[in-house]
Every structure is written in structure tokens, then in C-alpha cells.
Amino acid sequence: MKAGIIGTGHYVPDNVYTNHDMEKIVDTTDEWIRTRTGIEERRFAPDHINTSDMAYEAAKGAIEESGISADEIDMILVATVTSDMGFPSVACQIQERLKAFNASAMDISAACAGFMYGLITAKQFIETGVQKNVLVVGVEKLTKITNFKDRNTCVLFGDGAGAAIVSTVSEEKGILSFELGSDGTGIPHLHQTDEDHIYMNGREVFKFAVRQMGDSALNVVNKIGLSKNDVDYLIPHQANIRIMEAAREKLDIPVEKMSKSIHKYGNTSAASIPIALSEDVKAGKIKDNDLVVLVGFGGGLTWGAVALKW
Ligand code: ACO
12 MKAGIIGTGH
22 YVPDNVYTNH
32 DMEKIVDTTD
42 EWIRTRTGIE
52 ERRFAPDHIN
62 TSDMAYEAAK
72 GAIEESGISA
82 DEIDMILVAT
92 VTSDMGFPSV
102 ACQIQERLKA
112 FNASAMDISA
122 ACAGFMYGLI
132 TAKQFIETGV
142 QKNVLVVGVE
152 KLTKITNFKD
162 RNTCVLFGDG
172 AGAAIVSTVS
182 EEKGILSFEL
192 GSDGTGIPHL
202 HQTDEDHIYM
212 NGREVFKFAV
222 RQMGDSALNV
232 VNKIGLSKND
242 VDYLIPHQAN
252 IRIMEAAREK
262 LDIPVEKMSK
272 SIHKYGNTSA
282 ASIPIALSED
292 VKAGKIKDND
302 LVVLVGFGGG
312 LTWGAVALKW
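For reference, each letter of the sequence shown is one residue, going 12 to 321 in our numbering.
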């Protein structure tokens, strides 16, 4: 039996910061942000809402949609680089709040590719028969590590959470192939500084992302003997519309077949793919038997992709 997604959920804070709001914080313009990134607004969590609070809300939604109960969850994987504290993990924090007392729990650090790492780890535990239901969450409160004096980065990011219940589905459906990778030589281009801020060499990360997103998306499709023409829907990490467009063009699929929420939420790192997935499922954009490709990249550098039959 293959592992697939049986429920999704997401949470974004209510506080909307438009590009015009960002103009009041740093020397930038709505026009620059829109044309260079595709971002129009983002959500910033207030002080009293921490990473674990957002993870909990998204997880609750995924559990509800899946129809399982919290005590049926065998493992909780939370992808984040902005946990509430060094330890315990966000996974343990939400285990307690969800009352998922039969689950093991740990966090995964793979930056924006974190949800892909979680999804693919869940697949291994499920398809080896060790576990049945795994809760995978991607969550970030990036405002905790955003330097609001650095216009190169602060206009890009937002806060939020997305979650999925991964479980056995069938022989034909679920995750058909995957790719995971990392390249530590990219650390100088994207990392957390001693001051706990995000440092990013945008041009270098951009070049890497454009190449990797398209290549990985194509690789997971080719691995199962299919071609780009067979892809029904693409969910790329929502980092920059120009990077997303490059991936879409590589797969040669129309605009309406690519998930897009970057304009509303900016780059929410590990949360971006599961938020997009959850919204698209609820909007009916993903249909039974669709071949869906999820692809992400992030600090590390890290990357991951899956081809899954919905
Ligand atoms: N407002 C106005 N001007 C700005 C801003 C801003 N917010 N930010 C930078 N600029 C200026 C720069 O200073 C530069 O000016 P200069 O030419 O006088 O030096 C000019 O705009 C152009 O800068 P570029 O870096 O060439 O702009 P580019 O078109 O490459 O876009 C961007 C920059 C959006 C950051 C792009 O490089 C990018 O998206 N990179 C990838 C980022 C990413 O996806 N990161 C994901 C990982 S994040 C994580 O893992 C947590």
C-alpha cells in the first residue's frame, strides 16, 4: 500500500501587512515588491501567537478533514526553523495539545523544503508497515528572525502553518516517487546570522532555485515513466512568482494548473506548500486521480519533490 494524503489543514494569522504597510517600515515600494516577487501582502503573527499555536490550528484542521482521531496518529513531524524554543520540539508541544498520546514526535530542520522532508519521511515509515498515520506540519513564525531594517529580505516573508495527515491509501494512489537533496556549500548564501536574522544572497538563491525547482519537478515525473504532459497540477514552494513561473514553464503547463498564494502570504518557508495544498483541496482545484507535483527548496541548501496520484 502506498502512502498518500488523506487530510489537510492550514492556519494564517489575521494581521495583514500590505506592500504599502512595508513602505512605512523600509525604503521600498509596492511596485518593486510586486514586480520582483509577486507578493502583494503577507500575514504577521502577533506576539501572543507563537509557532506551536499556528501548528496546532493547522493540525486540528488536517485531523478533522482526514476523519481519523488524534489517538490514531502514530507520529508527528513538524518542519520549522522557528520553533518556540530549542526544546521541547513543536511536535511534542502539539502532541500534548492534540492529545495524540500514541504518537512519537520530532521536529525537522530543512528550512523551506521542510514539509517535503516531512512528507517523504512519513512515506518511509508508512510503506515499511511500521506506522499507519503520520501528521506532517510545516510552520513558521519568520517574523521572529526577520530583520525589519533589511529591505532585501523583510518584504519577502510571512507567518503561517499547513498540515497533512499521511496514511496508507492504495496501490495505485499516493506518493509515486520522490527526490530529496541538500548542498551545504550553499550555506554562505542563506543562513541565520549570529544576531538571529535571516541573511540571504537573493541573486545566488534565485539562480539555484530556478534550476532546481524545474529539474526536480521533472525528475519525479520521469522516475515513474511519465512525462511533463501527464502532470495535472503543480504546487511549488511560494518563494517568488518568477521562480515559480520558471518551474511551470519547465513542465509546460498552463497558469491555472499551478498553485499560487504568494500574493496573499509571501514566503512562509516550510508552511508555504502545505498551506497551498490545503487551500487548493478546499477550493476543489485538485481532483480525484490527478497527478500532482509538489516541489520545494530552501536554506541548507535543501530541496525535495514528490509526484503523487490524488
Ligand atoms: N525595495 C526596493 N529595492 C530593493 C528591495 C526592496 N525591498 N530589495 C532590494 N532592492 C534593490 C537592491 O538593493 C538592488 O539595488 P542596486 O541594483 O542599486 O544594488 C536592486 O533592488 C535589485 O536587486 P536584485 O537582487 O538584483 O533584485 P532581484 O530581481 O534579484 O530580486 C529577490 C531580489 C526578490 C530577493 C530575488 O533575488 C529572489 O527572489 N531571490 C530568491 C529568494 C528566495 O526565494 N529565498 C527563498 C529561501 S528563504 C528561506 O529559506 C527562509
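Note that CB positions come from ideal geometry on N, CA and C, so glycine has one too.
Can you give the beta carbon distance from residue i to residue j, rounded, assuming they're within the 8 Å contact cut?
{"i": "Ile-50", "j": "His-248", "result": "Contact flag wrong, Cβ pair sits at about 14 Å."}
{"i": "Val-101", "j": "Ala-73", "result": "Not quite, the Cβ-Cβ distance comes to about 15 Å (not below 8 Å), so this is no contact."}
{"i": "Glu-151", "j": "Ala-281", "result": "6 Å"}
{"i": "His-208", "j": "Asn-163", "result": "Contact doesn't hold; Cβ gap of about 11 Å is too wide."}
{"i": "Phe-308", "j": "Gln-203", "result": "Between Gln-203 and Phe-308 the Cβ distance is about 17 Å, and since that is not below 8 Å, they are no contact."}
{"i": "Ile-297", "j": "Val-306", "result": "With a Cβ gap of about 15 Å, Ile-297 and Val-306 do not count as contacting."}
{"i": "Leu-88", "j": "Val-145", "result": "6 Å"}
Count the other CB atoms within 10 Å of the CB of residue i; is the residue buried (16 or more) or exposed (fewer)?
{"i": "Ile-198", "result": "exposed"}
{"i": "Asp-170", "result": "buried"}
{"i": "Thr-40", "result": "exposed"}
{"i": "Pro-57", "result": "exposed"}
{"i": "His-31", "result": "exposed"}
{"i": "Lys-271", "result": "buried"}
{"i": "Ser-80", "result": "exposed"}
{"i": "Phe-219", "result": "buried"}
{"i": "Lys-35", "result": "exposed"}
If we call anything under 9 Å between Cβ atoms a contact, is residue i one with residue j?
{"i": "Ile-284", "j": "Phe-55", "result": "no"}
{"i": "Val-10", "j": "Phe-189", "result": "Missing from the structure shown is residue 10; the chain here goes from 12 to 321 and no further."}
{"i": "Gly-185", "j": "Gly-15", "result": "yes"}
{"i": "Val-27", "j": "Arg-53", "result": "yes"}
{"i": "Leu-191", "j": "Ile-131", "result": "yes"}
{"i": "Ile-105", "j": "Ala-70", "result": "yes"}
For residue i, which of helix, strand or coil comes out of DSSP?
{"i": "Lys-74", "result": "As written in the sequence, residue 74 is Ile, which differs from the Lys given in the question. Reduced to three states, the DSSP call for Ile-74 is helix."}
{"i": "Met-269", "result": "strand"}
{"i": "Thr-19", "result": "strand"}
{"i": "Val-242", "result": "coil"}
{"i": "Trp-314", "result": "strand"}
{"i": "Ala-121", "result": "coil"}
In terms of alpha-carbon separation, which member of the options lies closest to residue i?
{"i": "Met-33", "options": "Asp-161, Ala-124, Val-141", "result": "Asp-161"}
{"i": "Thr-19", "options": "Ile-176, Ser-272, Ile-252", "result": "Ile-176"}
{"i": "Cys-103", "options": "Cys-123, Ser-63, Ala-81", "result": "Ser-63"}
{"i": "Ile-246", "options": "Met-255, Ile-137, His-200", "result": "Met-255"}
{"i": "Asp-301", "options": "Tyr-22, Leu-319, Asn-251, Ala-70", "result": "Leu-319"}
{"i": "Asp-291", "options": "Asn-278, Thr-279, Leu-312, Glu-267", "result": "Glu-267"}
I want to check one thing, is the minimum distance from the CB of residue i to the heavy atoms of ligand 3 below 8 Å?
{"i": "Thr-40", "result": "Of the ligands this structure carries, namely ligand 1, none is ligand 3."}
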